[in-house]
Structures are given as C-alpha cells and as structure tokens.
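Chains as they are written, first to last, in this note's numbering: chain A, 236 to 563; chain B, 236 to 563.
Ideal placement from N, C-alpha and C gives every residue a C-beta, glycine not left out.
The structure appears right after this line, and notes come after that.
There are 2 protein chains.
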Amino acid sequence: MTRFDVIAVGNAIVDVIASVEPDFLVAHNIVPDAMTLIDEERAHALYAALPPAREISGGSAANSMAGLASLGGAAAFIGKVRNDQLGGIFAHDLTAAGVAYHTPPLLDGPATARSLIVVTPDGHRSMNTFLGASVLFSKADLDPQQIAAAKILYLEGYLFDRDPAKEAFYSAAKMARAADRRVALTLSDHFCVERHKAAFLDLVASHVDILFANEREITALYDVDNVETAADIVAKHGLIAAITRSEKGALIVQGDQRIVIVAEPVVEVRDTTGAGDLFAAGFLFGLARDVGLARAGHLGALAAAECIGHYGARPETSLRDLAERRFR
Amino acid sequence: MTRFDVIAVGNAIVDVIASVEPDFLVAHNIVPDAMTLIDEERAHALYAALPPAREISGGSAANSMAGLASLGGAAAFIGKVRNDQLGGIFAHDLTAAGVAYHTPPLLDGPATARSLIVVTPDGHRSMNTFLGASVLFSKADLDPQQIAAAKILYLEGYLFDRDPAKEAFYSAAKMARAADRRVALTLSDHFCVERHKAAFLDLVASHVDILFANEREITALYDVDNVETAADIVAKHGLIAAITRSEKGALIVQGDQRIVIVAEPVVEVRDTTGAGDLFAAGFLFGLARDVGLARAGHLGALAAAECIGHYGARPETSLRDLAERRFR
Chain A
236 MTRFDVIAVG
246 NAIVDVIASV
256 EPDFLVAHNI
266 VPDAMTLIDE
276 ERAHALYAAL
286 PPAREISGGS
296 AANSMAGLAS
306 LGGAAAFIGK
316 VRNDQLGGIF
326 AHDLTAAGVA
336 YHTPPLLDGP
346 ATARSLIVVT
356 PDGHRSMNTF
366 LGASVLFSKA
376 DLDPQQIAAA
386 KILYLEGYLF
396 DRDPAKEAFY
406 SAAKMARAAD
416 RRVALTLSDH
426 FCVERHKAAF
436 LDLVASHVDI
446 LFANEREITA
456 LYDVDNVETA
466 ADIVAKHGLI
476 AAITRSEKGA
486 LIVQGDQRIV
496 IVAEPVVEVR
506 DTTGAGDLFA
516 AGFLFGLARD
526 VGLARAGHLG
536 ALAAAECIGH
546 YGARPETSLR
556 DLAERRFR
Chain B
236 MTRFDVIAVG
246 NAIVDVIASV
256 EPDFLVAHNI
266 VPDAMTLIDE
276 ERAHALYAAL
286 PPAREISGGS
296 AANSMAGLAS
306 LGGAAAFIGK
316 VRNDQLGGIF
326 AHDLTAAGVA
336 YHTPPLLDGP
346 ATARSLIVVT
356 PDGHRSMNTF
366 LGASVLFSKA
376 DLDPQQIAAA
386 KILYLEGYLF
396 DRDPAKEAFY
406 SAAKMARAAD
416 RRVALTLSDH
426 FCVERHKAAF
436 LDLVASHVDI
446 LFANEREITA
456 LYDVDNVETA
466 ADIVAKHGLI
476 AAITRSEKGA
486 LIVQGDQRIV
496 IVAEPVVEVR
506 DTTGAGDLFA
516 AGFLFGLARD
526 VGLARAGHLG
536 ALAAAECIGH
546 YGARPETSLR
556 DLAERRFR
C-alpha cells in the first residue's frame with residue numbers, strides 16, 4: 236500500500252526574490268535565466284547589492300511537492316535545513332502546504348540554503364544559490380519504508396552538485412526500485428547537465444522511468460541539436476519524458492507517442508520562478524492518479540501558469556479548485 | 236543644515252504575511268483590522284497554524300521611511316533588531332530602500348520582532364505582533380545630532396506599548412524640539428490609543444506638531460463621536476492633522492482649513508497592510524518639501540494606493556516616477 240502519490244528528494248531552500256532592471260545582471264555578473272551556485276562570501280556580497288526583497292520558501296522539488304499537495308495529492312519531501320530562522324520558515328511553509336516533511340535540521344554547520352533570485356520586468360529569473368545546509372543530508376536521512384510508501388520517487392538534478400547528496404540520491408533511487416516504485420528525475424538546469432553529464436546519462440539509463448527537462452537541458456544531455464532527436468533517444472530508452480518549452484507549452488514523449496501540450500494563458504507574467512517545478516507537480520500528480528499522459532500534461536500546464544502570475548514559486552491559490560473549474 | 240527630510244523612530248519588524256479565509260480569524264481569536272500584541276508562545280502557536288507565508292520587511296514608521304525614500308526623499312530610521320537572520324533581512328531591506336539605518340542590533344535577548352499578518356480576500360489585514368527585540372532600544376540609541384539633522388522627527392505610536400521605548404521616544408521628541416525641528420506622531424491603532432490615552436493626550440499637547448490618525452483613532456483620542464469635532468479640537472491645539480479614511484481618502488486639518496483628499500483609484504485591492512504608513516510617507520515628504528497641504532495629501536494618497544495593490548507594506552515601484560507621471 237502507498238500513502239503518498241510522490242515523495243521528493245531535493246534542496247531545501249528559501250528564495251530571496253528581488254525585482255531588478257536588466258543592467259543589474261550585467262553589473263553583478265549574473266548569468267541570465269540560469270541557476271548559478273555561489274559561496275557564502277558571494278552570497279553576502281550579492282545580497283548587499285540587492286534591492287529590497289521578499290523571502291518565500293522555494294527549492295525546486297519542494298515547490299513541486301507544494302504544488303502536488305495543492306492539487307489534492309499526498310506529497311512528502313526529504314531535504315535538509317539548519318535549525319535557524321530561515322530553516323524554520325522553510326519547514327513551516329512546506330508543512331503548512333500539506334507536505335509531509337520530517338528531515339531533522341542540522342544543529343550546527345552551514346546555514347539554511349538560500350537562493351538570491353533577481354526577476355527582470357519580463358518575468359525572467361536568474362538564480363544565485365548558496366546551498367548551505369541543504370547538501371549535508373545523507374543516506375541516514377532516507378527512510379526506505381517512507382520511500383516505498385510513495386508511488387513515485389522524484390529526484391532533483393540540482394542535488395548532483397555535491398557528492399554526499401548525490402550518493403544519498405542514488406540510494407533513494409535504489410530503495411524505490413527495490414519496492415517496485417517508479418523513479419522520476421528533473422535535469423533542473425542546463426548548466427547542471429553540463430557539469431554532470433556522464434553521471435546523469437548513467438542515472439537516466441539505469442534508474443529513471445520519468446524524465447523532466449526543458450529543451451536546452453535534454454539536447455545538452457544527449458548532445459543533439461534538436462528536441463525531436465532527443466525525444467527519440469529518450470523514448471528508445473523506454474522512458475516517459477516531459478519536455479517543457481516555456482511559453483510554447485510542453486512535449487510529452489512515450490514510445491511512439493508525441494503529445495503537444497499548449498501553454499495555459501497567463502494574464503500577466505510576473506515571475507517565471509518555479510514554472511518548471513509546478514509543471515512537474517501537475518504531471519506527476521496526473522501520472523500517480525493514472526489520468527493519462529495528455530491530462531497529466533494539461534495539469535502541469537495549469538499549475539505552471541498559476542505560479543507565473545505572482546512572485547514566488549509555490550501556488551497562491553488552490554490548484555485543485557483551478558483544475559476542477561478548468562477540466563469539469 | 237539638515238541632511239534628512241524625516242527621521243523616524245519605530246518598531247523594527249519583519250512581516251509574515253499569509254492569505255486566509257475570514258473563518259481563520261474566528262478560529263484563532265484574531266481581532267479583525269487591528270494590531271494585537273502577542274507573546275512569543277502565542278507567536279509560535281499562531282505561526283504553526285498559519286498557511287504558507289511570505290516574509291517582507293515591515294514596521295509602521297520603517298515602511299513610511301522606505302516610502303519617503305522611494306519618493307526621492309532623504310530618510311533615516313531608528314529601531315532595534317537582534318543579530319539574527321530576520322534582523323539581517325530587516326536591515327538589508329531598509330538600507331537597500333535607501334534609508335539611513337545604523338541602530339546596532341542586540342547581540343542577545345529576544346529575537347527580531349515579527350508581525351503575523353493575515354489578509355482576507357477583501358484585502359483587509361489583521362496583525363499579530365511579537366515585539367521581541369524592537370522594544371529594547373533606549374536613549375543610548377538616539378543620536379541628538381542625527382535627530383537635529385532631519386527637518387521632521389516622526390514617531391510611531393506603537394512604541395508606547397513598552398515603557399523603555401516610550402522613554403526614548405520622549406527623549407527623541409525633546410531632542411528635535413531643542414533643535415527647532417518639527418515633531419510628527421502617528422496614533423497607529425485605535426486599541427493602542429485606548430491603551431495609552433492619557434499619555435498620548437499629554438504628548439500631543441506638549442510635543443507634537445503634525446498628527447496622523449484614522450477616524451477611529453482620533454475620535455478615540457478625544458472621546459468624541461465624529462471626525463469633525465475631533466478635527467476642530469486638533470486644529471485648536473495648533474496642529475496639522477492628517478486623518479485617513481480608508482477608501483474615502485483623507486481629511487487634512489490646519490487652523491480653519493479642511494482639505495478633503497480623494498483616494499487614488501486602485502485596480503485590485505490585494506493587501507491594505509501599510510496603506511496608512513505610505514500615506515504618512517507621502518504627506519511627510521510633501522511637508523518637508525513645502526509643497527502645500529493639498530499636494531502633500533495627494534502624495535500620501537498616491538503612495539497608499541501603490542502599496543494596496545500588492546502584498547507587503549513597502550513600495551514595489553518608484554513612487555517618485557509614479558508621482559511625476561501623476562502630477563506633471
């Protein structure tokens with residue numbers, strides 16, 4: 236018996252979100268539209284340069300689990316904070332969103348992770364992440380019974396950036412497979428793919444059933460120059476793939492099937508942070524509830540559209556209500 | 236010579252803002268539309284019950300100074316945080332907003348103040364404030380030269396809730412008067428007025444030149460049943476008064492003058508937190524720059540309208556640009 240639709244392993248991060256003009260990115264050497272890892276010194280220097288900000292809990296897979304819970308799904312999350320104020324905020328917000336979250340916080344060592352996110356007036360976001368405590372979780376934080384209790388294990392590619400977390404990540408995948416559960420992975424970021432290409436290829440071939448990627452990430456993974464070729468490769472490996480394409484929607488791939496998902500209309504694009512995370516939320520929820528690939532893709536598009544309309548990467552309205560109104 | 240248009244003394248608070256349905260207020264004994272003081276135990280219990288939230292720097296007079304800086308004014312703030320993560324966020328946001336802020340943080344003792352603010356779908360907010368470190372500032376944190384360097388000293392009535400802060404507050408008023416500067420006071424909240432009525436009456440009569448209040452606050456202060464009578468009393472004392480009236484705008488009072496300020500239109504009321512603070516920002520800026528009472532009132536209405544359209548009590552766009560477009 237399963238208690239959860241999805242359990243996710245990912246970085247536990249609080250987002251620090253500030254609106255800036257495009258020249259701020261140039262002045263502060265920020266890579267546009269990417270997630271760049273920064274050390275604590277750079278985090279302090281960049282924060283000092285940042286305009287007034289708002290703090291909203293984030294973390295890619297954690298956002299997805301908050302979205303899944305908002306859709307009415309049963310979600311759990313594994314990820315590490317420190318026992319500091321930001322760690323308390325992260326734990327509160329995830330728990331209040333209805334996600335089971337019991338990873339004990341670190342009692343000393345680096346502070347809770349934060350991502351300094353600058354959003355330009357076109358809604359594009361550039362993330363500068365100090366990983367802090369979030370990479371210091373280990374196999375000891377994984378409960379095989381909890382992982383076996385979820386239909387799908389969802390892994391965040393960003394975790395590949397630190398070895399101890401990467402090991403725990405492999406362990407989690409093995410625990411899920413041992414319990415005959417499906418394993419989903421998001422490639423997270425194309426720079427992340429470039430940093431860890433060989434490891435990702437190995438993981439995808441050996442442990443993954445469902446792959447999330449955007450166009451740049453999946454073409455980078457397979458070293459090809461177009462999405463169609465990448466889709467053919469991933470289909471040949473027997474995976475389900477959801478390839479997100481920003482305002483063009485998404486392409487769902489399985490075997491010979493290619494399902495085009497049109498993006499949901501957004502009244503005002505304010506902040507695209509979390510759009511991919513929320514697409515994953517809807518798609519995973521659909522898969523866990525066996526609604527079919529097309530409906531799962533539509534749920535993903537709906538969830539992504541909600542979060543683009545406001546600052547922060549987690550839903551501000553009930554996605555379940557939105558979905559009921561949209562699909563009744 | 237003055238270096239600042241306004242220097243403010245107030246509580247240094249980080250807001251924790253969550254959207255709730257009206258029945259949440261009933262279930263958790265929250266006084267609607269008011270600021271209620273809570274202790275640390277209640278703060279923890281209420282936070283645990285709160286939906287996912289966003290953290291945005293607040294504090295009534297601090298919000299006003301952020302607004303004044305956004306209008307192009309020179310602002311300074313005196314208020315106390317602890318050296319914890321929320322304290323760092325408060326100091327960053329205020330400094331990044333362009334406000335001079337140099338009060339040293341507490342190194343131990345209570346944590347940085349936070350206000351748990353629940354916002355209902357009609358935009359109304361109810362504040363539950365744990366004052367923490369913010370009341371532990373004292374005369375030692377006041378620099379007479381800095382206070383003398385501002386045209387107007389602005390005092391936040393909420394500080395009357397703790398005696399040591401209240402004493403520092405009187406000291407600041409005396410420093411300003413000794414330097415021949417004007418003193419402004421906001422009554423903050425009608426429950427706050429009820430708690431400290433005698434002290435407020437004494438302060439207003441002896442140390443205040445400019446008074447901010449809403450209708451409930453000023454009628455409570457003078458124990459009268461209508462705003463017109465209250466306006467006559469405050470005018471007789473020789474004060475300038477700005478009486479805010481929510482969606483009805485504001486009434487400016489001086490001597491025989493009664494200037495009605497119509498509220499600026501707001502496209503979508505999302506969160507009224509900070510509306511009064513931002514009205515004060517615009518009005519104080521106008522007074523400091525001698526633009527006349529009517530224009531000062533219009534600046535207040537413009538600043539208040541901006542902050543009602545989004546979560547959080549500080550401007551998200553340049554109020555100077557808004558004002559230039561509106562009044563050119």
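### Query
Rounded to the nearest angstrom, how far is the Cβ of residue 447 of chain B from that of residue 477 of chain B, given a contact under 8 Å?
5 Å
### Message
Here's a check: name, in chain order, each residue in its chain whose Cβ is nearer than 8 Å to the Cβ of residue 425 of chain A, leaving out the five neighbours to either side.
### Response
269, 449, 451, 452 and 455
### Task
Could you tell me whether the Cβ of residue 286 of chain B comes closer than 9 Å to any Cβ of chain A?
yes
### Task
Could you name the residues of the same chain whose beta carbon sits closer than 7 Å to that of residue 257 of chain A, not counting the 5 residues immediately before and after it, in chain order?
355
### Task
Compare the C-beta of residue 254 of chain B with all C-beta atoms of chain A and state if any pair is closer than 9 Å.
yes
### Task
Can you give me the start and stop residues for the beta strand (DSSP E) that residue 289 of chain A sits inside?
289 to 292
### Task
Using a Cβ-Cβ cut-off of less than 7 Å, give me the residues of the stretch 326 to 340 of chain A that come near chain B, in sequence order.
327, 328, 331 and 332
### Query
Are residue 418 of chain A and residue 387 of chain A close, meaning C-beta to C-beta below 9 Å?
yes
### Query
Should residue 564 of chain A and residue 317 of chain A be called a contact, given that it needs their Cβ atoms to be closer than 9 Å?
The question about residue 564 of chain A has no answer, for chain A in this structure spans 236 to 563.
### Message
Can you pull the chain B neighbours of residue 293 of chain A, defined as C-beta to C-beta under 9 Å?
### Response
Per Cβ cutoff of 9 Å: no residues; residue 293 of chain A is ~11 Å from chain B at best.
### Message
Taking CB distances under 9 Å as the criterion, tell me whether residue 346 of chain A reaches chain B.
### Response
yes
#### Entry: residue 372 of chain B beta carbon less than 9 Å from that of residue 294 of chain B
no
#### Entry: Any chain B beta carbon closer than 9 Å to residue 499 of chain A
no
### Query
Taking 9 Å as the CB-CB limit, is residue 394 of chain A close to chain B?
no
### Query
Which residues in chain A sit within 9 Å of residue 319 of chain B, going by Cβ to Cβ distance?
319 and 320
### Task
Would you mind listing the alpha helix (DSSP H) stretches within the stretch 372 to 448 of chain B that are 4+ residues and don't spill past its ends, in chain order?
379 to 383, 398 to 413, 425 to 430 and 432 to 442
### Query
Taking the continuous beta strand (DSSP E) assigned at residue 250 of chain A, which residues delimit it?
248 to 254
### Among A:358, A:343 and A:364, the one whose alpha carbon lies nearest that of residue 350 of chain A
A:364
### Message
Between residue 545 of chain B and residue 506 of chain B, how many whole angstroms is the CB-CB distance? I'm expecting something under 8 Å.
### Response
7 Å
### Query
Should residue 290 of chain A be flagged as near chain E, meaning a C-beta pair shorter than 9 Å?
Protein chains in the displayed structure are A and B, and chain E is not among them.
### Task
Report the rounded CA-to-CA distance for residue 302 of chain A versus residue 516 of chain A, giving the unit in angstroms.
5 Å
### Query
By how many angstroms is the C-alpha of residue 336 of chain A removed from the C-alpha of residue 324 of chain B?
25 Å
### Task
Measure the C-alpha to C-alpha separation of residue 421 of chain A and residue 240 of chain B and round it to an integer number of angstroms.
52 Å
### Task
Rounded to whole angstroms, what's the CA-CA distance from residue 470 of chain B to residue 445 of chain B? Just pull it up for me.
10 Å
### Message
Against residue 282 of chain B, what residues of chain A qualify as contacts under a CB-to-CB distance less than 7 Å, listed in chain order?
### Response
327
### Query
Per DSSP, what kind of secondary structure is residue 460 of chain B in: helix, strand or coil?
coil
#### Entry: Sub-9 Å separation of residue 237 of chain A and residue 384 of chain A beta-carbons
yes
### Task
Identify every residue that forms a DSSP beta bridge with residue 520 of chain A.
In DSSP, residue 520 of chain A forms no bridge with anything.
### Query
Expressed to the nearest angstrom, what Euclidean distance is found between the alpha-carbon atoms of residue 459 of chain A and residue 377 of chain A?
36 Å
### Message
So that I know if they touch, is there some Cβ in chain A lying closer than 9 Å to that of residue 541 of chain B?
### Response
no
### Query
How many whole angstroms separate the CB atoms of residue 244 of chain A and residue 394 of chain A, which I take to be in contact at a CB cut-off of 8 Å?
7 Å
### Task
Report the residue from B:555, B:253, B:464 and B:557 whose alpha carbon sits nearest the alpha carbon of residue 353 of chain B.
B:253
### Query
With a cut-off of 8 Å, do at least 3 Cβ pairs link the stretch 481 to 499 of chain A to the stretch 536 to 553 of chain A?
yes
### Query
Taking only runs of the alpha helix (DSSP H) that begin and end inside the stretch 462 to 510 of chain A, which ones reach a length of at least 4 residues, in chain order?
462 to 471
### Message
Bridge partners for residue 311 of chain B per DSSP, in chain order?
### Response
B:242 and B:335
#### Entry: residue 298 of chain B - DSSP class collapsed to helix/strand/coil
helix
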